[in-house]
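Taking this note's numbering, the leading residue of the sequence shown gets 20, the next gets one more, and so forth. Note that CB positions come from ideal geometry on N, CA and C, so glycine has one too. Report on one structure; see the data block that follows.
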Amino acid sequence: MTGLTESTFDPAQAVFRETVPAGEPFIRVVKKGEVFRILDLEGNQAVDTLFYNAENPDERYSATNTISSQGNIYLS
């Protein structure tokens, strides 16, 4: 099993920050080369996420398909 790895990115350098209340939706285009982080401020919730290509919504990230094809819950 793998341990957590602390990010080397400095949060003070963020060009965008958003606090989203629990249960509320959020949408934003993440451009190529941008990095984002999802942080649970309350420490007791899961985050449901959907990722789509803004130029081609047929192209998307599917956690279910990724886990099935890798046979593992951890991305490699």
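May I ask which residues mark the beginning and end of the alpha helix (DSSP H) holding Ala65? By one-based count along the sequence shown, residue 65 stands at place 46. Per DSSP, Ala65 belongs to no alpha helix (DSSP H) and is neither H nor E.
In whole angstroms, what separates the C-alpha of Pro30 from that of Asp77? Here residue 30 refers to the residue found at position 11 of the sequence shown. Here residue 77 refers to the residue found at position 58 of the sequence shown. Roughly 32 Å separates the two Cα atoms.
Flag this pair as yes or no: are the beta carbons of Ser26 and Arg47 separated by less than 8 Å? The residue given as residue 26 occupies position 7 in the sequence shown. The residue given as residue 47 occupies position 28 in the sequence shown. Not in contact: Ser26 and Arg47 (Cβ atoms no closer than 8 Å).
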